[in-house]
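Q:
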Amino acid sequence: MSTARQLLRVRVTAKDAETLRSLLREARPDVGGRPRQGEDGTFSIEAYASPEEAEALEREGVVVTTIEDATATGRARQAEVGEGDRFAPDDAVPRGLALKVKDA
Amino acid sequence: MSYLNTTEVESAVTSLATAFPSACDLIDLPEPSVEGRAGHALRIGTAPAGTHDCVVLIGGVHAREWGSCEILVHLAADLLEAGTEGAGLAYGGKTYTAAQVRNVLDNLDVVVFPLVNPDGRHYSQTVDPMWRKNRNPANSGGDPSRIGVDINRNYDFLFDFATAFDPTAGVQVSDDPGDIQVYQGPSPFSEPETRNVRWLLDAFPRTRWFVDVHSYSEDMLFVWGDDENQSLDPAKNFRNTAFDGKRGVAGDLAYAEFIPKDDADDSTVLAEQFCKGLHGVRGRAYSPMSAFHLYPTSGTSDDYAYSRHIADPHKGKILGFTIEWGKSFHPPWSEMKRIVLDVDSGLVQFCLTALA
Ligand SMILES: [Zn+2]
């Protein structure tokens, strides 16, 4: 785990659709998820950016708030990835997560 | 349990094929990845392949969206185990009867390709968790920061985005290999991963539904992604060069992509039923909608799948969908398990709706 970029997960909230659209067009941030419209008419989207890039997203009509350290979260999740091969033994077959139920 | 590593996704698929020989076939995808990893899919169904209409489900396209592979591996395992034991399936509060499961197995071909981009998944799980593209260095000029192509911009749909779209549309794609997220590649289908998906659609000519599993935003998307939908003016379509430079602007009258009303209605019903089956598990409310929202995309799998029969009348019509599960790329596994139940229930309902 050597060369991961240091990234923040931020929420970018713009005062209207056109402001968000032009920010995405000009700054081209790495976005996660899809744009959401707030009840107050604002439009927002999540983005992944270095601390410097996140600061550079701020402008007239745009608020950037940090949600979490995406790199740290990603590293924690990498520790939740299986090791080896759980399905290597001949009798090891994946079981789906649903309950298998007999009809009443 | 925990997230599956790249080796385990493949061995899960092959061990399911070995364990349930009467209800599925193992499919070897023709092209290895750039780093030499082989891809496998399952054709689930008790009738000989090609007897029935086919739904193709793919996942693991974007490297960092790990749970897509688990969603499809577990769905295959659920259908095969319940179907061969004469059981139904209970996903939280949503239950499918043994007869419904049997109906899917006996009357549909369900093709499941859980890991389209194995090199990317391996890199995301072991080096950079935020990695999205494949790991092809061909266009990098030796610069490690310019490695990789976004597979979900590499399909042949409005690939020449600079010509097709309005310059102010902000189309979410790039022709610069230095773009860390949405580099489209040098040409349509330049990547082995993309060609494998095309091969599947060609190999199963009775494919009528295609679902690409991604994250995140809790949405079930249907075509189109290049502009808003309309069913009134067939001339406004992706093949008509008269509308070059006009596509992709939100809320304008200059252009919206044509989809016949029947196809729009069928796509909407399937997306709604997916969301309904998902909601029954624990109450998560996913939104069914067309893919265009605020900005356009080009070269995506769902638009390509649906556009095939328009570009080539010899090909069958495929309704294309993209699931965007969850609210983050890497939920803790404890939460990811709940999302797997949500989405798999939605997919069973989707298959039942397709059959109806
Ligand atoms: Zn994705």
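As you go down the protein sequences, you meet chains A and B in turn.
Just so it is clear: in the first sequence, position 7 is 7 by my numbering, and no numbers are missing.
Just so it is clear: in the second sequence, position 315 is 1315 by my numbering, and no numbers are missing.
Heads up, the beta-carbon is just placed ideally off N, CA and C, and yes, glycines get one too.
Shorter than 7 angstroms, the distance from the beta carbon of residue 1211 of chain B to the closest heavy atom of ligand 1, or not?
A: No, the beta carbon of residue 1211 of chain B sits no closer than 7 angstroms to any heavy atom of ligand 1.
Q: Indicate whether residue 1296 of chain B and residue 1162 of chain B have their beta-carbon atoms separated by less than 8 angstroms.
A: For residue 1296 of chain B and residue 1162 of chain B, no; Cβs fall outside 8 angstroms.
Q: Pairs of beta-carbons, one from the region 1218–1232 of chain B and one from the region 1273–1286 of chain B, closer than 8 angstroms: are there three or more?
A: A contact exists between the region 1218–1232 of chain B and the region 1273–1286 of chain B.
Q: How would you write the range of the beta strand (DSSP E) that residue 1116 of chain B sits in, first residue to last?
A: Neither: residue 1116 of chain B is in no beta strand (DSSP E) and is coded neither H nor E.
Q: What is the residue span of the alpha helix (DSSP H) that residue 1280 of chain B lies within?
A: Residue 1280 of chain B -> alpha helix (DSSP H) spans 1261–1282.
Q: Residue 35 of chain A CB to nearest chain B CB: under 8 angstroms?
A: With 8 angstroms as the cut-off, residue 35 of chain A counts as an interface residue toward chain B.
Q: Could you check whether the Cβ of residue 6 of chain A sits closer than 8 angstroms to any Cβ belonging to chain B?
A: With 8 angstroms as the cut-off, residue 6 of chain A does not count as an interface residue toward chain B.
Q: Within the same chain, show all residues whose beta-carbon is closer than 7 angstroms to that of residue 1233 of chain B, passing over the 5 residues directly before and after it, in chain order.
A: If we look at residue 1233 of chain B and ignore the five residues flanking it on each side, its Cβ neighbours are 1258.
Q: Ligand 1 heavy atoms versus the CB of residue 1152 of chain B: any closer than 7 angstroms?
A: Yes, the beta carbon of residue 1152 of chain B sits closer than 7 angstroms to at least one heavy atom of ligand 1.
Q: Given this structure, state the Cα-to-Cα distance separating residue 1311 of chain B from residue 1018 of chain B, to the nearest angstrom.
A: Their backbone Cα atoms lie some 38 angstroms apart in a straight line.
Q: So, at 8 angstroms on beta carbons, what are the nonlocal neighbours of residue 1182 of chain B in its own chain, with the 5 sequence-adjacent residues on each side left out?
A: Taken in chain order, the residues that qualify are 1150, 1153, 1172, 1173, 1174.
Q: Ligand 1 and residue 1193 of chain B: does the residue's C-beta get closer than 7 angstroms to at least one heavy atom of that ligand?
A: No, ligand 1 has no heavy atom inside 7 angstroms of this Cβ.
Q: If you follow the alpha helix (DSSP H) that residue 1337 of chain B is part of, which residue opens it and which one closes it?
A: Per DSSP, residue 1337 of chain B belongs to the alpha helix (DSSP H) from 1333–1355.
Q: Once you ignore the five residues that flank residue 59 of chain A on each side, which residues in its own chain have a CB closer than 8 angstroms to its CB?
A: 23, listed in sequence order.
Q: Do residue 85 of chain A and residue 1007 of chain B count as a contact pair if the criterion is CB distance below 8 angstroms?
A: Yes, the Cβ-Cβ distance between residue 1007 of chain B and residue 85 of chain A is below 8 angstroms.
Q: Are the CB atoms of residue 1158 of chain B and residue 1111 of chain B nearer to each other than 8 angstroms?
A: Not closer than 8 angstroms, so no.
Q: Within 10 Å of its beta-carbon, does residue 1300 of chain B have 16 or more other beta-carbons around it, so buried, or fewer, so exposed?
A: Per the 10 Å Cβ criterion, buried.
Q: Between residue 1048 of chain B and residue 1054 of chain B, what straight-line distance do the alpha-carbon atoms span, to the nearest angstrom?
A: One C-alpha to the other measures close to 12 angstroms.
Q: Any beta carbon from chain B within less than 8 angstroms of residue 63 of chain A's own beta carbon?
A: Cβ-Cβ to chain B under 8 angstroms: no for residue 63 of chain A.
Q: By Cβ distance below 6 angstroms, which residues in the same chain neighbour residue 1178 of chain B in space, the five residues on each side in sequence not counted?
A: Correct list, in chain order: 1146.
Q: Could you tell me which of A:99, A:102, A:78 sits nearest to residue 1005 of chain B, measuring between CA atoms?
A: The shortest Cα separation from residue 1005 of chain B among A:99, A:102, A:78 belongs to A:78.
Q: Which chain A residues are close to residue 1337 of chain B, counting only those with a beta carbon under 9 angstroms from its beta carbon?
A: What residue 1337 of chain B touches in chain A: 97.
Q: Cα separation between residue 2 of chain A and residue 1127 of chain B?
A: Caution applies to residue 2 of chain A, whose pLDDT of 44 falls short of 50 and renders its modelled position unreliable; the value that the coordinates give is listed next. C-alpha separation (whole angstroms): 6 angstroms.
Q: Tell me the DSSP bridge mates of residue 48 of chain A?
A: The partner list for residue 48 of chain A (beta bridge, DSSP) reads A:9, A:30.
Q: Taking Cβ to Cβ, would you say residue 1156 of chain B is nearer than 8 angstroms to residue 1204 of chain B?
A: No. Outside cutoff.
Q: For residue 1055 of chain B, which three-state DSSP category applies?
A: Strand, per DSSP.
Q: Of all Cβ atoms in chain B, is any one closer than 8 angstroms to the Cβ of residue 11 of chain A?
A: By this cut-off, residue 11 of chain A is not an interface position.
Q: For the region 1080–1095 of chain B, which residues have a beta carbon sitting closer than 7 angstroms to at least one beta carbon of chain A?
A: Here the close residues are 1081, 1082, 1085, 1087, 1088, 1089, 1090, 1091, 1095.
Q: Would you kindly work out how many angstroms separate the C-alpha atoms of residue 1012 of chain B and residue 1342 of chain B, rounded to a whole number?
A: Roughly 21 angstroms between the two C-alpha positions.
Q: Determine which residues of the region 1283–1313 of chain B have a Cβ less than 8 angstroms from any Cβ of chain A, and write them out in chain order.
A: Here the close residues are 1293, 1294, 1295.
Q: Quick check on residue 53 of chain A - is its C-beta less than 8 angstroms from some C-beta in chain B?
A: No, residue 53 of chain A lies away from the interface with chain B (no Cβ there is under 8 angstroms from its Cβ).
Q: Mapping the DSSP letters down to three states, classify residue 1320 of chain B as helix, strand or coil.
A: Strand, per DSSP.
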